[in-house]
Amino acid sequence: MNRNTLLYASLLIFGLVGAFVFPAYKLQLSFLYILIVLAMTWDVQGGQMGYNTFGNILFFGVGMYVASSVQIAMFFSLSEWTDAGGEKTFVHTVPQFFQGFAFGILLSGIIPMLIAGIIGYGILGLRGHYFAICTLALGIAAGEIAGGVEIIGAGQGMTVPVWPKGFGSNELSSQFLYYLSFALAVITFTFLKWAYSTRFGLVLNAIRDNEDKAEAMGIYTMRYKIIGWMVSAFFVGLAGGIMGHINGYIEPTEIAFAGPTFGVFMVLMAILGGKGTLWGPLVGATIFHIFKESFWTFFLGWQYVALGVLIVVIVVYFPEGIMGWLREKYPERFGEVIDEADRKAQVTLK
Amino acid sequence: MLPSNRGHFFKYLEKYFMDFLIFQAPMLMVQASIDGILLGILFALIAYGMALQWGVMNIINIAQGELVIMGGYIAYFMYLSGIHPAFGVIVSPIIMYFVGVGMYKLVINKVVDRDLFISILATFGISILAQQLMNFAFGADVVVAQSNFGTTMLFDGMVTIPNAKIFSGLVCIIAAIILVIYMKKSKLGRAIRATAQNARAAKILGVNTEKVYASTFGINAALCGIAGACIAITFTLHPYTGLPYTVRSFMIVIIAGLGNLPAVAISGMGLGIFEEWADYLIGTEFRIAAVFSLLVIILVYRRFKLSKKREYLK
Chain A
1 MNRNTLLYAS LLIFGLVGAF VFPAYKLQLS FLYILIVLAM TWDVQGGQMG YNTFGNILFF
61 GVGMYVASSV QIAMFFSLSE WTDAGGEKTF VHTVPQFFQG FAFGILLSGI IPMLIAGIIG
121 YGILGLRGHY FAICTLALGI AAGEIAGGVE IIGAGQGMTV PVWPKGFGSN ELSSQFLYYL
181 SFALAVITFT FLKWAYSTRF GLVLNAIRDN EDKAEAMGIY TMRYKIIGWM VSAFFVGLAG
241 GIMGHINGYI EPTEIAFAGP TFGVFMVLMA ILGGKGTLWG PLVGATIFHI FKESFWTFFL
301 GWQYVALGVL IVVIVVYFPE GIMGWLREKY PERFGEVIDE ADRKAQVTLK
Chain B
351 MLPSNRGHFF KYLEKYFMDF LIFQAPMLMV QASIDGILLG ILFALIAYGM ALQWGVMNII
411 NIAQGELVIM GGYIAYFMYL SGIHPAFGVI VSPIIMYFVG VGMYKLVINK VVDRDLFISI
471 LATFGISILA QQLMNFAFGA DVVVAQSNFG TTMLFDGMVT IPNAKIFSGL VCIIAAIILV
531 IYMKKSKLGR AIRATAQNAR AAKILGVNTE KVYASTFGIN AALCGIAGAC IAITFTLHPY
591 TGLPYTVRSF MIVIIAGLGN LPAVAISGMG LGIFEEWADY LIGTEFRIAA VFSLLVIILV
651 YRRFKLSKKR EYLK
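Chain order of the listed sequences is A and B.
Mapping of the first sequence onto the numbering used here: position 282 corresponds to residue 282, and the numbering continues sequentially without gaps.
Count along the second sequence from 1, add 350, and you get the number used in the numbering used here.
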């Protein structure tokens, strides 16, 4: 058994038994899997393709709203549900809940994917900082618009259907969501690992390195950019749908289209871990989550100050990330062959 | 009643909608336009600061809006301690200049030569930090510094303009004129323009570019301070309302181009009028959404226009 298989097997086993070994940290671990999905999908644009987006949060929020709205609207009137607010006058039966859940989660991936496909042609034609600012505006505009639409609860937000009574306890519900988010993280990782090893991954890297040249080589770069964004949107939307159920409550600007929190977290995690690598976002998300939770616990009230300082420090002093640093230190482990004479020459240059 | 085809739709729009606006409620539109122009002058001043640092240092400062709000809180603080807040337009830029220079020395000087995205993200971090610190210092309430300037009535009282808005418009125009003269005549102004043209050549010819960058950032912060003090007496202040100002100034700069003051002024006023009209037509709750959507629409429009010539926004 070689080293890689051992690593994958141990991570898989950790994920599978995690809910039973650390029952107190089940919720935290589910959050972690969601964050890993967000960081890895951001890296498809930010790291592999060189398009620094702030707008993936749009798909997160849309997925969240779609998952719950579909689940509600399949059996009840959506507007009456949001009018009722916190009062649980409508209760899903067990089969209703799971039918709605399955359809909701499915659509929470598909609808953001379609949105990405539709707006992709317009938005992905922008480059550099124009793209960054445009996507930033997109995410915030979506949040502001969602805050004015009555049927999904406007600024008040809406409640997500609760786990049906008579079908296990709350314990079962949190275990269900835990395994769902774990499965999503595993599927995302496996899919991206496969995608990066195909021509698709090579084209994304070619776009990052020199888009004009890639186009001159006869690659339809726009097609690949849109497909890349659609892949991201699909997984981010699913993550949003699950996140809505974990939260139990959706609010437009703080939870769904949360630009200053999740929108920045995903960028930060990928940069912290090392953008443009497969493992970077995963490592970054794990470390960031541990950091964040300890900040949130010990510096209560000052957490956003800490977040601001963290962003500045990571971006200014540590832009190549953990994987980048490891790669520089141990290039052999990354399969890079370094000429001995070359290394000596570099040392003398320094 | 939905019209069946496009031609009908536009006829319908023209007949009922525009007719309503221009002939049925002309005073409403005059009111909105005057408000928009006075607001737009403010936006133009903030945008000019952004264009200055973008042109000279190649940095997009997401914390621009927070500098504005910070400047506003200085005026509000004076109001609380019993001084008339209108003096804020003098005090606030002086303090904000040093805040800007400090910000440059701490963070910005490390991101000047780097990738633009690094500067966007770093200033985003600063903006979150500044929001929280202001939240601790001044509380999360919406505040306004009362100036007691009274209001001017036009057209038999059908159009009302608060004098504070006229005052703030005049202050911004005077500040812009002083700035333009300063940039043309003074030694530092010449050094700033030289650095913007070619930083390396300016360095060779003996310009201390580090100092130029620091004072550019300081001047930008001072402009934000003036605009902020004006906002404190005419509109409202809240720690988390900075980002819309950043987006507005970014929008004005990409329409007007770098270093083109008349264009900045015109597009600033245009944006102000758009916002006030949007306020009346689609409702106040969608105002911020309208600003952000307009930015997306403008960028995508320009992208399609350029792609016909096989070029792109860069």
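C-beta: ideal position from N, C-alpha, C; glycine also.
Distance CB(residue i)-CB(residue j) smaller than 8 Å
i, j, result
"A/F367", "A/I57", "Here chain A has residues from 1 to 350 only, and residue 367 of chain A is not among them."
"A/G321", "A/G263", "no"
"B/G438", "B/M453", "no"
"B/L594", "B/A490", "Residue identity check: residue 594 of chain B is Pro in the sequence provided, not Leu. In this structure, B/A490 does not lie closer than 8 Å to B/P594 by Cβ."
"A/A19", "A/Y178", "yes"
"B/H574", "B/L392", "Strictly speaking, residue 574 of chain B in this sequence is Cys, with His absent from that position. No, these two residues do not count as a Cβ contact at 8 Å."
"A/I207", "A/T221", "yes"
"A/M64", "A/G241", "yes"
"B/Y662", "A/R127", "yes"
"B/L621", "B/I419", "no"
"A/Y130", "B/L649", "yes"
"B/G421", "B/A577", "yes"
"B/Y423", "B/M484", "yes"
"A/G147", "A/G55", "no"
"A/I187", "A/S30", "no"
Proximity winner among the options, relative to residue i (alpha-carbon distances)
i, options, result
"A/I255", "A/G301, A/Y330, A/G157, A/M49", "A/G157"
"B/A639", "B/Y651, B/E625, B/V650, B/N513", "B/E625"
"B/T510", "B/L649, B/V380, B/M484", "B/V380"
"B/L479", "B/L417, B/I531, B/I523, B/N513", "B/L417"
"B/A401", "B/I569, B/G575, B/V646, B/A541", "B/I569"
"B/A571", "B/Y630, B/A606, B/I396, B/L392", "B/I396"
"B/L520", "B/L656, B/A394, B/F654", "B/A394"
"B/W404", "B/F567, B/F636, B/K537", "B/F567"
"A/A142", "B/I516, B/K515, B/S657, B/E635", "B/E635"
"A/G259", "A/I13, A/G61, A/F90", "A/G61"
"B/S518", "B/I605, B/F448, B/I440", "B/I440"
"A/A67", "A/A239, A/A132, A/I34", "A/A239"
"B/G633", "A/F14, A/E144, A/G139, A/F131", "A/E144"
"A/F14", "A/L204, A/A183, A/F235, A/M217", "A/A183"
"A/G155", "A/Y249, A/G109, A/V70", "A/Y249"
"A/V236", "A/G109, A/F298, A/E328", "A/G109"
"B/K515", "B/K655, B/L538, B/T502, B/A525", "B/T502"
Under the three-state DSSP convention, the category residue i falls into
i, result
"B/L649", "helix"
"A/T364", "Outside the displayed range of chain A (1 to 350) lies residue 364 of chain A, so it cannot be described from this structure."
"A/I13", "helix"
"A/P319", "coil"
"B/M503", "strand"
"A/P281", "helix"
"B/K659", "coil"
"A/I250", "strand"
"B/M508", "coil"
"A/T82", "helix"
"A/M217", "coil"
"B/V457", "coil"
"A/E332", "helix"
"B/L352", "At B/L352, the pLDDT of 45 sits below 50, so the modelled position is not reliable; the number obtained from the coordinates is stated separately. Residue state, collapsed to three classes: coil."
"A/K350", "Because the pLDDT at A/K350 is just 47, under 50, the model does not fix this residue reliably, and the value given afterwards should be weighed accordingly. A/K350: coil per DSSP, three-state reduction."
"B/L587", "strand"
"A/V149", "coil"
"A/M158", "strand"
"A/V94", "helix"
"B/V462", "coil"
Same chain, Cβ closer than 8 Å to residue i, neighbours up to 5 away in sequence not counted
i, result
"A/V94", "P164, G166, F167"
"B/P435", "A425, Y426, M428, Y429, A495, Q496, S497, A579, A582, I583"
"A/G201", "Q48, A195"
"B/I623", "A382, S383, G386, I387, G390"
Chain-order list of residues whose beta-carbon lies under 6 Å from that of residue i (same chain, five-residue window excluded)
i, result
"A/T286", "none"
"A/T53", "Q45, T135"
"A/H289", "L32, L35"
Interface flag, residue i vs chain D, CB-CB below 8 Å
i, result
"B/K460", "In the displayed structure, chain D is absent; the protein chains listed are A and B."
Sequence-distant residues of its chain with Cβ nearer than 7 Å to residue i (five each side left out)
i, result
"B/G500", "N513"
"A/T82", "I151, I152, G153, M158"
Does the region 409-425 of chain B touch the region 441-459 of chain B, meaning 3 or more C-beta pairs lie closer than 8 Å? yes
Inter-stretch contact (C-beta, 8 Å, three-pair minimum) for the region 467-475 of chain B and the region 307-319 of chain A: As far as the Cβ criterion goes, the region 467-475 of chain B touches the region 307-319 of chain A, which means the pair count is three or higher.
For the region 93-107 of chain A against the region 118-131 of chain A, are there 3 or more C-beta pairs whose distance is under 8 Å? no
Do the region 112-119 of chain A and the region 219-238 of chain A meet, that is, are 3 or more Cβ pairs less than 8 Å apart? They touch, by the three-pair rule.
Assess, as a yes-or-no matter, whether the region 600-618 of chain B is touched by the region 640-648 of chain B under the definition of 3 or more beta carbon pairs within less than 8 Å. Here the region 640-648 of chain B lies against the region 600-618 of chain B, with 3 or more beta-carbon pairs under 8 Å apart.
For the region 269-276 of chain A and the region 31-46 of chain A, state whether three or more C-beta atom pairs, one from each stretch, are separated by less than 8 Å. yes
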